[in-house]
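Reviewing the structure listed below.
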Amino acid sequence: MEYSSAIAFIQKFAAGDYTEGEHREFATWLNSASPSELEGVLEAAAGEGLAVPAVSLADAGLVRRIEASLDEYEVAPLRRIRRVAAAKPQPEIAPGRNAAILTLSGGRRILLDSASEDTVLTEGAAVVANANGRLAYNPGNAPATETIYNTLTTQRGNQYQLTLPDGTRVWLNAASSITYPTSFAGANRTVSITGEAYFEVAKIPSQPFHVKADGQDVAVLGTSFNVNDYPDEPAGRTTLIDGSVRVATAKSSRVLVPGQQALIKEGGIQLVPKADIEQTLAWKDGLVKLTGASIREVMRQVSRWYDVDVEYQGDLDNAVFVGIVSRQQNLAKFLELLEATGSVHCSIDNKKIIVKP
Numbered sequence: 001m002e003y004s005s006a007i008a009f010i011q012k013f014a015a016g017d018y019t020e021g022e023h024r025e026f027a028t029w030l031n032s033a034s035p036s037e038l039e040g041v042l043e044a045a046a047g048e049g050l051a052v053p054a055v056s057l058a059d060a061g062l063v064r065r066i067e068a069s070l071d072e073y074e075v076a077p078l079r080r081i082r083r084v085a086a087a088k089p090q091p092e093i094a095p096g097r098n099a100a101i102l103t104l105s106g107g108r109r110i111l112l113d114s115a116s117e118d119t120v121l122t123e124g125a126a127v128v129a130n131a132n133g134r135l136a137y138n139p140g141n142a143p144a145t146e147t148i149y150n151t152l153t154t155q156r157g158n159q160y161q162l163t164l165p166d167g168t169r170v171w172l173n174a175a176s177s178i179t180y181p182t183s184f185a186g187a188n189r190t191v192s193i194t195g196e197a198y199f200e201v202a203k204i205p206s207q208p209f210h211v212k213a214d215g216q217d218v219a220v221l222g223t224s225f226n227v228n229d230y231p232d233e234p235a236g237r238t239t240l241i242d243g244s245v246r247v248a249t250a251k252s253s254r255v256l257v258p259g260q261q262a263l264i265k266e267g268g269i270q271l272v273p274k275a276d277i278e279q280t281l282a283w284k285d286g287l288v289k290l291t292g293a294s295i296r297e298v299m300r301q302v303s304r305w306y307d308v309d310v311e312y313q314g315d316l317d318n319a320v321f322v323g324i325v326s327r328q329q330n331l332a333k334f335l336e337l338l339e340a341t342g343s344v345h346c347s348i349d350n351k352k353i354i355v356k357p
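For the record, in the sequence shown the residue sitting at position 329 is 329 according to my numbering, with numbers rising by one throughout.
Right under this line is the structure:
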């Protein structure tokens, strides 16, 4: 089999239109493929929405993992899934989108989304512009006479981007909020969040940046980090990408170095020396990383992004997943990929997902 034929097989495999002979030929070809060819196979599979293992090409077991992953799809009950779909069509639930609600200092609420016209307004001395799914603040030339706060809120099924008046960039995940001043004055730059946000902080050494969440205060000078503080998660998580941050609670504080994560629970801080950065930032890149995640971890993300509720039935503790999938596809397709692992079975009842072993 040539490389081009291997890529073609991936497309046929994703469509469920292949023969056993083609599968055996593909498996044989994998054993002699070069690292660059294997990388191409991984990219092609990811492009088709297949949950292939997210592993380094340096992994000696990569070939076996790819083949094992395809074998999982091969034995998955694809015909059964199609029969169920034919008997009871799954409702079309679209993925989330760029949308948010901006609450101004006087209480006025403005809906922001990709369909709305560009918006320009003033808040205190700041000029506020909204375009293409991003809200940006320009502090203006006149000094602020008072501290004015705005709040940007995303509902379930929404996400948005924000540029603060100091140039700090913020990605706000679904079911989240951030409250911030329209102009940073004084010794510190302080914002507060609920839910999840990723920050790329503008470096101003004379004015430290603080992120306050429920039970924690993250202090930085200029760095990139992610804060996850959803109330339905078992612990708050602050993950450092680069730079340095200090995470403090009422009971303790820790300084993180890049690649570390602080778990905040009941006021204490547990350090994770080597955090899964790819999994932490997958949401920001429009993805969900399945590898290493429990079904409940995955479904909490699904619930927030697709604006649905989840009901669990039976013992799901042994459900195992591998791979990375896009969260830009509709819910039925996303759930089909989960089912293809053979670990769970999902059905949609109006706006509720029922998950069974």
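Glycine included, C-beta positions come from ideal geometry on N, C-alpha and C.
Using a Cβ distance threshold of 8 Å, determine whether the stretch 242–262 contacts the stretch 290–301, with at least three qualifying pairs required. no
Using a Cβ-Cβ cutoff of less than 7 Å, which residues in the same chain neighbour Ile295 once the five nearest sequence positions on both sides are dropped? Counting from one through the sequence shown, the residue named residue 295 turns up at place 295. Leu316, Ala319, Val344 and Val355, listed in sequence order.
With distances taken Cα to Cα, identify the nearest neighbour of Met299 among Phe321, Thr151, Leu281 and Lys284. Stepping through the sequence shown from its first residue, residue 299 is reached at position 299. Here the closest residue by C-alpha is Phe321.
Short Cβ contact (9 Å threshold) for Tyr230 with Ile93: As a position in the sequence shown, residue 230 is number 230, starting the count at 1. As a position in the sequence shown, residue 93 is number 93, starting the count at 1. No. Outside cutoff.
Within its chain, find whatever has a CB closer than 6 Å to the CB of Gln329; leave out the 5 residues flanking it on each side and keep chain order. What you label residue 329 is simply residue 329 of the sequence shown in a count that begins at 1. None.
Please name the residue in Tyr149, Leu135, Val127 and Asp113 whose C-alpha comes closest to that of Val170. As a first step, residue 170 must be located in the sequence shown, where it is residue number 170. Checking every option, the nearest Cα to that of Val170 belongs to Leu135.
Please state the DSSP three-state secondary structure of Leu10. Residue numbering aside, residue 10 sits at position 10 when the sequence shown is read from its first letter. The question names Leu, but residue 10 is Ile in the sequence shown. Ile10: helix per DSSP, three-state reduction.
Mind the definition here: the stretch 185–194 touches the stretch 203–215 only if three or more C-beta pairs lie below 8 Å; say whether that holds. yes
What would DSSP say about Ser252, mapped onto helix, strand or coil? Position 252 of the sequence shown, counted from the start, is the residue given in the question as residue 252. Coil.
Of the listed residues Val247, His23, Val201 and Ser244, nearest to Asp166 (C-alpha basis): Reading the sequence shown from its first residue, position 166 is the one you call residue 166. Among Val247, His23, Val201 and Ser244, the Cα nearest to that of Asp166 is on Val201.
Roughly how many whole angstroms lie between the Cα atoms of Ile10 and Asp17? What you label residue 10 is simply residue 10 of the sequence shown in a count that begins at 1. What you label residue 17 is simply residue 17 of the sequence shown in a count that begins at 1. Near 10 Å, if we compare the C-alpha coordinates of Asp17 and Ile10.
Three-way DSSP call (helix, strand, coil) for Phe334 in this model: For the purposes of this step, residue 334 is taken as residue 334 along the sequence shown, with counting starting at 1. If DSSP states are grouped into helix, strand and coil, Phe334 belongs with the helices.
Measuring CA to CA, which of Leu112, Leu152 and Ala219 is closest to Leu164? Locating residue 164 in the sequence shown gives position 164, counting from the first residue. Checking every option, the nearest Cα to that of Leu164 belongs to Leu152.
Inter-residue Cα distance where the pair is Gly268 and Asp118: As a first step, residue 268 must be located in the sequence shown, where it is residue number 268. As a first step, residue 118 must be located in the sequence shown, where it is residue number 118. Cα-Cα distance, rounded: 44 Å.
For Leu172 versus Tyr160, is the C-beta spacing smaller than 9 Å? Numbered from 1 along the sequence shown, position 172 holds the residue referred to as residue 172. Numbered from 1 along the sequence shown, position 160 holds the residue referred to as residue 160. Yes, these two residues count as a Cβ contact at 9 Å.
Lys274 - DSSP class collapsed to helix/strand/coil: By one-based count along the sequence shown, residue 274 stands at place 274. Note: Lys274 maps to coil in three-state DSSP.
Presumed contact (8 Å Cβ cut-off) between Gly236 and Gln260, rounded CB distance: Position 236 of the sequence shown holds residue 236. Position 260 of the sequence shown holds residue 260. Actually they do not touch by this definition, with Cβ atoms about 15 Å apart.
Buried versus exposed call for Arg183 [16 or more other C-beta atoms within 10 Å across all chains shown]: For this step, residue 183 is matched to residue 183 along the sequence shown. Note that residue 183 corresponds to Ser in the displayed sequence, not to Arg. Answer is buried; the Cβ neighbour count reaches 16.
What would DSSP say about Val63, mapped onto helix, strand or coil? Here residue 63 refers to the residue found at position 63 of the sequence shown. Confidence at Val63 is low in this model, with a pLDDT of 42, below 50, so the placement of that residue should be treated as unreliable; the coordinate-derived value is given next. Looking at Val63 - three-state DSSP - the assignment turns out to be helix.
Can you list, in chain order, the residues of its chain with a C-beta nearer than 6 Å to that of Leu240? Leave out the 5 residues immediately preceding and following it. The sequence position of residue 240 within the sequence shown is 240, counting from 1. Closer than 6 Å at Cβ, skipping near neighbours: Phe225, Leu256, Pro258 and Gln260.
Measure the Cβ-Cβ separation of Asn150 and Gly195 and say whether it is below 9 Å. Counted from its first residue, the sequence shown places residue 150 at position 150. Counted from its first residue, the sequence shown places residue 195 at position 195. No; because the gap between Cβ atoms is not below 9 Å, this pair is not in contact.
Return helix, strand or coil for Ser343, following the three-state DSSP convention. Residue mapping note: residue 343 aligns to position 343 of the sequence shown, counting from 1. DSSP places Ser343 in coil when its eight states are reduced to three.
How about Asp309 and Ile353: are their beta carbons less than 9 Å apart? On the sequence shown, residue 309 is found 309 positions in, with the first residue counted as 1. On the sequence shown, residue 353 is found 353 positions in, with the first residue counted as 1. Yes, these two residues count as a Cβ contact at 9 Å.
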